[in-house]
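All residue numbers for the sequence shown refer to numbering that gives the first Met the number 0, where the first residue is 0 and numbers rise by one.
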Amino acid sequence: MHTEETSGGYLQFDVKGDIFGLEYTLNAGVRYVRTDQASTGYNSGTLVDIERNYEDWLPALNIAIFPTSNVVVRGAIADVITRPSLANLTPGGSVDGYRYRVDYGNPQLQPFRATSFDLAFEWYFARSAIFSVALFAKDITGFPVSQTVVDTYASTGLPQSLFAPGSPAVSNPEGQLWAINTTVNGGNATLKGMEVSLQSPFTFLPGMWSRFGGIVNVTLVKSQADYIMTPPSTTFTATGVATAPSQSFSTTLYGLSKRAVNATLYYEDGRFSTRASAGYRSGFVDTGSSNGNVFEGYNSTLTIDASMRYKLTDWIELSLEGINLTDTFRDRYVDQATNRAFENNHFGRTLLAGLRFAL
Numbered sequence: 000m001h002t003e004e005t006s007g008g009y010l011q012f013d014v015k016g017d018i019f020g021l022e023y024t025l026n027a028g029v030r031y032v033r034t035d036q037a038s039t040g041y042n043s044g045t046l047v048d049i050e051r052n053y054e055d056w057l058p059a060l061n062i063a064i065f066p067t068s069n070v071v072v073r074g075a076i077a078d079v080i081t082r083p084s085l086a087n088l089t090p091g092g093s094v095d096g097y098r099y100r101v102d103y104g105n106p107q108l109q110p111f112r113a114t115s116f117d118l119a120f121e122w123y124f125a126r127s128a129i130f131s132v133a134l135f136a137k138d139i140t141g142f143p144v145s146q147t148v149v150d151t152y153a154s155t156g157l158p159q160s161l162f163a164p165g166s167p168a169v170s171n172p173e174g175q176l177w178a179i180n181t182t183v184n185g186g187n188a189t190l191k192g193m194e195v196s197l198q199s200p201f202t203f204l205p206g207m208w209s210r211f212g213g214i215v216n217v218t219l220v221k222s223q224a225d226y227i228m229t230p231p232s233t234t235f236t237a238t239g240v241a242t243a244p245s246q247s248f249s250t251t252l253y254g255l256s257k258r259a260v261n262a263t264l265y266y267e268d269g270r271f272s273t274r275a276s277a278g279y280r281s282g283f284v285d286t287g288s289s290n291g292n293v294f295e296g297y298n299s300t301l302t303i304d305a306s307m308r309y310k311l312t313d314w315i316e317l318s319l320e321g322i323n324l325t326d327t328f329r330d331r332y333v334d335q336a337t338n339r340a341f342e343n344n345h346f347g348r349t350l351l352a353g354l355r356f357a358l
């Protein structure tokens, strides 16, 4: 069981005016947050209670400058936090005194903190149309990662009363090294990238073609993070625990692709509307691995979706939607260096038909 209470306050200033003949708006301030947490869990049948608290001061600055009536330049700097998931904060788990293995949560896990920088150019060149270029960067510290280390039982801080009676660890708790699995605050990470977006109805075309429109966005991201993992080993303990020391390996942030492209073509009139969308995402690492494998994740995917809507009357509408029309599989690999096949997930196509009444 886990409870979490947050309390705080903020101070903010809003300003607008002219600078060097350019209109601008600005807001700046700081937020104070205190987090109180209490975690309860069973570890090998013993109830463990942990309480703790932490505080954060989070300043932020946002500014928008208007060179013309349809152009906006925006900038922002802010300190932000992301709290760890509640599942990772449990002190519960298990101690296996037969295999010399410990699995447990980390109630002392800190949130990961970042300083974010954003700069964007927006041009509203027509009605319902925009062209924008956004640059962003983040300096991240202490992001949580799953980690398996080979160390002594004493390093966990857990009591020996958690050993099962009759297990070898009762008489010889440090008879061999332990495999210790938990979540820890990792090292630092950096992220920077660019997003380019274009959205416009085709009002410059004649007749029915003017009811078409398009949306395109491209995101390019470069990130680097260091994760502690156990590499392949040629030596093992009596219970099969690899004895190779943990090492730091560098890759992209978990769950983050280097490239993503989305494009949509749509048609809309007073009664009928339809759209088709294509989405591409390059491969990404989503977790560490085990058994001597270093990282695992997914290879690139391309999916196509489409939908149609038709109003029979002002209060009855029919709809048809297709998801993953290309029947794309999701290819998962293990060990980033060799990209060995691990899973080939097949979700199939999804077709949805609907009838909506407006009363």
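For every residue, glycine included, the Cβ atom is placed at its ideal position computed from N, Cα and C.
Tyrosine 123 and alanine 63 do not touch by the CB rule: their CB atoms are close to 13 Å apart, not below 8 Å. Annotation for glutamate 4: Asp35 place their beta carbon closer than 6 Å to its own, counting only its chain and skipping 5 residues before and after. Boundaries of the alpha helix (DSSP H) harbouring alanine 168: 167-170, taken from the DSSP string. Between the alpha carbons of methionine 207 and arginine 270 lies a gap of roughly 13 Å.
Boundaries of the beta strand (DSSP E) harbouring phenylalanine 271: 271-280, taken from the DSSP string. Sixteen is the threshold: when 16 or more other Cβ atoms of the shown chains lie within 10 Å of the Cβ of threonine 89, as they do, the residue is buried. Distance from the CA of alanine 163 to the CA of glycine 141, rounded to the nearest whole angstrom, comes to 34 Å. For alanine 357, no beta strand (DSSP E) segment is defined, and its DSSP state is neither H nor E. If you compare the alpha carbons of Asp150, Tyr97, Thr349, Ser288 with that of proline 167, the shortest gap goes to Tyr97. Proline 110 places its beta carbon less than 7 Å from that of arginine 82.
Arginine 126 carries a coil assignment under DSSP once its states are collapsed to helix, strand and coil. Assigned with DSSP and collapsed to three states, asparagine 180 falls in strand. Annotated three-state conformation of glutamine 146 is strand, per DSSP. If you check the CB distance, tyrosine 265 and phenylalanine 248 do not come in under 7 Å. With a 10 Å radius around the Cβ and a threshold of 16 neighbouring Cβ atoms, methionine 0 comes out exposed. About 5 Å separates the CB atoms of glycine 282 and serine 299; that is less than 8 Å, so the two are in contact.
When secondary structure is reduced to three states using DSSP, arginine 82 falls in the coil class, being assigned neither helix nor strand.
Excluding the 5 residues flanking it on each side, glutamate 320 has same chain C-beta neighbours closer than 6 Å at Ser306, Leu351, in chain order. In this structure, the straight-line span from the alpha carbon of leucine 46 to that of valine 94 is close to 13 Å.
Annotation for alanine 77: Ala59, Ser115 place their beta carbon closer than 6 Å to its own, counting only its chain and skipping 5 residues before and after. Excluding residues up to 5 positions away in sequence, Gly92, Ser93, Asn180 lie with their Cβ nearer than 7 Å to the Cβ of aspartate 102 in the same chain. Looking at the DSSP output, tyrosine 332 bridges to Gly296, Ala340.
Of all alpha-carbon atoms in Asp326, Asn292, Pro158, Val14, the one lying nearest the alpha-carbon of asparagine 338 is that of Asn292.
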